[in-house]
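Worksheet for the structure shown next.
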Amino acid sequence: MITTGGMQDGEIKDISEGGTAIVGRGSLQIGVGDPIELRVENFEKISGHVVRAGENNEFAIAFDINGTMARKVFADITKKSKIT
Numbered sequence: 001m002i003t004t005g006g007m008q009d010g011e012i013k014d015i016s017e018g019g020t021a022i023v024g025r026g027s028l029q030i031g032v033g034d035p036i037e038l039r040v041e042n043f044e045k046i047s048g049h050v051v052r053a054g055e056n057n058e059f060a061i062a063f064d065i066n067g068t069m070a071r072k073v074f075a076d077i078t079k080k081s082k083i084t
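Following the working numbering, the numbering of the sequence shown begins with 1 at its first residue and continues without gaps.
Here is the structure:
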């Protein structure tokens, strides 16, 4: 992910058409409202913003994409990454 604080690695814990929950690796360098660019291996960049930043480096992102694109991204990621 690219944040205002720089590059940050993380693991997707949950994903939907509207956004994703992530556990960051290392100290959390983001806050609620911050813009973020999610980069999932072998997929295009997805713009969004932080809607929750909690303890244990957990945070949630709401995607800034339209419904059609959101459904396509969700289907592609869950199919190829086997996320349920």
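In this text, a Cβ means the ideal position worked out from N, Cα and C, and glycines have one as well.
This structure is a prediction, so every number in the text was calculated from the model and none was measured.
- In the DSSP assignment, no residue is bridged to Leu28.
- The beta carbon of Gly26 sits closer than 8 Å to those of Gln8, Asp9, Asn57, all from its chain and outside the five residues before and after it, given in chain order.
- The closest CA to that of Gly31, considering only Thr3, Asp64, Lys45, Gly19, is found on Thr3.
- By the CB criterion at 8 Å, Phe74 and Glu17 fall inside the cutoff.
- Within a 10 Å sphere around the beta-carbon of Thr20 sit 16 or more other beta-carbons, which makes this residue buried.
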